[in-house]
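Heads up: the structure comes next, in structure tokens.
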Amino acid sequence: MTLADVADADRFVDLAGLLESCEVDGFRADFLSWGHYRPEYWRNYWHTHSFHEVCLAYSGAGRFDNGSTRYDVRPGSVFLARPGDVHEIESSHSEPLGIAFWGFTFRPVGLASGIGREEERGGMPGVAHGGAAGRPAAGSDEPGWWSGLTRRDGPVVSGRSGALPALITALAAEAAAPVSGYATTLRALGATLVVETARAFALDDDLAVEPVRRDRGLLVVEAMQRHLRDNLSRPITVRDVAAVVHLSERHAERLFTQQTGASIMSTLRRLRLELAAQLLLDYGVTITEVARHCGYSDVRPFSTAFKRHYGRTPGEHRRSGGTEFV
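full-length UniProt numbering puts the first residue of the sequence shown at 1, with every later residue one more than the last.
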């Protein structure tokens, strides 16, 4: 989705009454306004809000005055009026400004109802003492994506629109024709909208995290193991398993053995026999049925493999109730 798609997202305004609040990383956002202005001249005279108001310009040009500072805005500009900011917006006459906008309160979950104590004392909105699951204790100096909203000295205009155009378009589409599951979908999209909004105004240092290390080899082997478990009753070859992870048979086998210490086929046999040991304890299932459910077309090779692995026949295992002989 691009900025051009936002121009057709006028059903964004229909989110009113559909998406009222969401929680993310220990914060709660209560949505208060949704808007979409088509490209034509307009002026939003000096005013202030008790909540965060965010605009994304998708076409045209204009100005955003925040306090004594004037900013020029163009397509892709995201601009923010924090609670208490006195601001004014005016479209260009020659290049009318088109925007989508949304307004929301933003507080730690413990302050979601009413006005927080810090705000009553004139403190920073959205910051309080006491921790919340999933993020550092509110009021601490620990930075994060939320800093883009909680820092009073942060930027108010950004060119970092990120996923905002796609989110606005998706939210407008969901609001235009709600179907079963819309509430869950809207809350998820709303939470992502809040995070992406804050990221747009957060400092790079606030967004930095420890490098995320992924062992691709381990992930590939886990996919192969999952395929084996999901298909224990079906004929499986190394070729089949390698195809699942788009590797050659040789590469898949080598990687699997490096990670697990066992070959693909020996692992398949072990998994089948472990499943068989469980199924044999259900007396309503015959040994022949257990064999077929575990990928053996005939009970004889199944019994041979089972005894080789467990040291007893399937029938002996069943009669002992799965316990070892003394």
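For each residue, glycine too, the CB sits at the ideal point set by N, CA and C.
| Asked | Found |
| --- | --- |
| Contact under 7 Å by Cβ, Gly148 with Ala202 | yes |
| Closer than 7 Å to chain D by CB, Phe27 | Any reference to chain D falls outside this structure, which holds one protein chain only. |
| Simplified DSSP assignment, three categories, for Glu23 | strand |
| Residues bridged to Ser33 (per DSSP) | Gly103 |
| N-terminal and C-terminal residue of the beta strand (DSSP E) that His47 is part of | 43–47 |
| contact_flag[the stretch 78–85, the stretch 166–178] where n(CB pairs < 8 Å) is 3 or more | no |
| Sub-7 Å separation of Ala81 and His36 beta-carbons | no |
| Under 7 Å between C-beta atoms of Leu193 and Ala170 | no |
| Through-space distance from Val241 to Arg229, alpha-carbon basis | 11 Å |
| Beta-carbon proximity list for Asp206, same chain, < 6 Å, skipping 5 on both sides | Pro143, Ser147 |
| Val24 to Trp145 span [Cα, whole Å] | 11 Å |
| DSSP state of Arg254 mapped onto helix, strand, coil | helix |
| DSSP bridge partner residues for Leu247 (one or two, in chain order) | Note: Leu247 sits in no beta bridge, so no partner. |
| Environment of Leu164 [buried if 16+ CB atoms lie within 10 Å] | buried |
| Beta-carbon proximity list for Val78, same chain, < 6 Å, skipping 5 on both sides | Leu56, Ser158, Ser161, Ala200 |
| Ser50 to Leu218 span [Cα, whole Å] | 49 Å |
| Under 7 Å between C-beta atoms of Leu279 and Val290 | yes |
| Cβ contact check for the stretch 16–34 and the stretch 66–74: 3 or more pairs under 8 Å | no |
| Helix, strand or coil at Pro314 [DSSP, three-state] | helix |
| Environment of Ala223 [buried if 16+ CB atoms lie within 10 Å] | exposed |
| Spatially closest choice to His227 from Phe302, Val212, Met265, by CA coordinates | Met265 |
| Residue from Trp46, Ile236, Asp282 whose Cα sits closest to the Cα of Arg319 | Asp282 |
| Rounded separation between His129 and Phe106 - CA only | No answer about His129 holds up, because its pLDDT of 33 lies below 50 and its placement is not dependable. |
| Thr69, DSSP secondary structure in three states | strand |
| Assigned exposure category for Arg216 - 16 Cβ within 10 Å defines buried | exposed |
| Distance between beta carbons of Ala9 and Ile168, contact taken as under 8 Å | 5 Å |
| Beta-ladder partner(s) of Ala81, from DSSP | Glu53 |
| Spatially closest choice to Ala276 from Glu253, Thr304, Asp14, by CA coordinates | Thr304 |
| 8 Å Cβ shell around Thr288 - same chain, five flanking residues per side excluded | Val299 |
| Test item: CB-CB of Gly62 and Ser33 under 7 Å | no |
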